[in-house]
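Working notes for the structure below.
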C-alpha cells in the first residue's frame, strides 16, 4: 500500500494494493484500511496467485497492511487450490497494546483461511538476539521469515540424501493449524545432535512438542554430511514427540555448510502462550472471522 516501500522491493511481480483507497501512502497502521486495500486489488492478487501449487503469505502482524491484507491474500490462495502457508511475526511488547490486539485479530482471521500458520513471536527473538538496536532486531525477524520459507521450499527443490516431493509437504502442512518453528545449527564434533538440540531449544519454539500432531524437518549440511548424521537428527525428534505424530523429513545440501549442519523443525497442531497473548486464550467468538474486530 506504500508506493515508496514498494519501489525498493526486489520482486518479479509487484502489486500496489488499494491505489484508490490509500493513494499509495500506506495503511496508516490501520488493519481495516489494509484489508480494504487488498479487497480493492483482489483481481490483481488472484491473477498473481493462479496456477500456484503452494503460496507463502508472509506478514508482520499488528500494523495496517500486513494485518489487514494477509487474510485476504491467504483466502484467495486457498480458494485457488494452492497449499497456503502463512508465516507471520507478532509484535514486540514495546510496540503497544493496540498492535498486540490487532495482531491477535489478524492471526485468528489467518487461521480460518490458511492451511498452516507459522507464528514467529518477535518478543522471543529478543531472547536470541540480546540487546540489538531496533533496526537490527527487525532485520533478524525478517531473516527468520526468509529462512522459514527457504527451509520448506528446499525440501522439495534441492537435491539431498533424502528427497521429498510436494505431496509429502502437503501431508503435514495441509490443515496443519497453528505451527511453531525452531531453527538450529552447529559446527561441533556432534553437529547433528547439537543442531537439532539447538532447534528444539530455540526461543521461537516456545512449546512442548510432545503434543504436536506432526512435524516437518529439514536437515541441511555440506557435501560431507552423512545419512547417519541426518538420521541422528530425526531420531532425536522421535524421542521427544508423540509416537503417533507424523514426522516427514528430508535433507538438502549446501556447499557453504562444509563442516556444519542446520536443522529446521516445524511442528503443527500446537498451543503456546505466545500465540494468543498473555492469557493463552483465543479471543471470544474467534471461530467466526466476521466477529473479530480490529481496534483503531
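Numbering (this note's numbering), first residue to last: 876 to 1171.
Each residue gets a CB set at the ideal place from its N, CA and C atoms; glycine is no exception.
Exposed or buried, residue i, counting other C-beta atoms within 10 Å across all chains shown (16 or more means buried)?
i: residue 977; result: buried
i: residue 939; result: buried
i: residue 1032; result: exposed
i: residue 885; result: exposed
i: residue 1041; result: exposed
i: residue 1076; result: exposed
i: residue 1047; result: buried
i: residue 1168; result: exposed
i: residue 1009; result: exposed
On the DSSP bridge assignment, give the partners of residue i in chain order.
i: residue 930; result: 959
i: residue 996; result: 965
i: residue 991; result: 960, 1052
i: residue 900; result: 877
i: residue 935; result: 964
Going straight from the alpha carbon of residue i to that of residue j, what length do you get?
i: residue 983; j: residue 973; result: 16 Å
i: residue 905; j: residue 943; result: 8 Å
i: residue 1074; j: residue 1019; result: 13 Å
i: residue 888; j: residue 923; result: 8 Å
i: residue 882; j: residue 998; result: 29 Å
i: residue 945; j: residue 985; result: 7 Å
i: residue 1242; j: residue 1114; result: Because the chain here runs from 876 to 1171, residue 1242 falls outside it and cannot be looked at.
i: residue 953; j: residue 909; result: 19 Å
i: residue 917; j: residue 1093; result: 34 Å
i: residue 1000; j: residue 1078; result: 7 Å
i: residue 957; j: residue 935; result: 22 Å
i: residue 1157; j: residue 992; result: Bear in mind that a pLDDT of 42 at residue 1157, under 50, signals an unreliable position, so the number given afterwards is only what the model happens to contain. Going by the C-alpha atoms only, they are around 15 Å apart.
i: residue 968; j: residue 937; result: 11 Å
i: residue 1155; j: residue 1062; result: Summary for residue 1155: the model assigns pLDDT 38, below 50, so the residue's position carries little reliability; its value from the coordinates is reported in the next sentence. Computed Cα separation, rounded: 36 Å.
i: residue 1090; j: residue 895; result: 43 Å
i: residue 959; j: residue 1103; result: 33 Å
i: residue 947; j: residue 1025; result: 23 Å
i: residue 1097; j: residue 1034; result: 12 Å
i: residue 911; j: residue 1171; result: 15 Å
i: residue 962; j: residue 1145; result: 15 Å
i: residue 1014; j: residue 965; result: 14 Å
i: residue 1002; j: residue 877; result: 31 Å
i: residue 825; j: residue 1060; result: Since the displayed the chain opens at 876 and closes at 1171, residue 825 lies outside it and no answer follows.
i: residue 857; j: residue 1111; result: Since the first and last residues shown for the chain are 876 and 1171, residue 857 lies out of range.
i: residue 897; j: residue 933; result: 21 Å
i: residue 1100; j: residue 930; result: 30 Å
i: residue 1058; j: residue 925; result: 31 Å
i: residue 970; j: residue 1036; result: 44 Å
Hey, could you find the ends of the beta strand (DSSP E) residue i is sitting in?
i: residue 1137; result: 1136-1143
Could you tell me the boundaries of the alpha helix (DSSP H) in which residue i lies?
i: residue 889; result: No alpha helix (DSSP H) holds residue 889; DSSP gives it neither H nor E.
i: residue 1035; result: Here residue 1035 belongs to no alpha helix (DSSP H), and DSSP marks it neither H nor E.
i: residue 944; result: 940-954
i: residue 906; result: 906-915
What residue ranges within the stretch 1054-1140 form continuous beta strand (DSSP E) runs of no fewer than 3 residues, ordered along the chain? Runs of the beta strand (DSSP E) lying entirely within the stretch 1054-1140, each at least 3 residues long, are 1089-1096, 1121-1128 in chain order.
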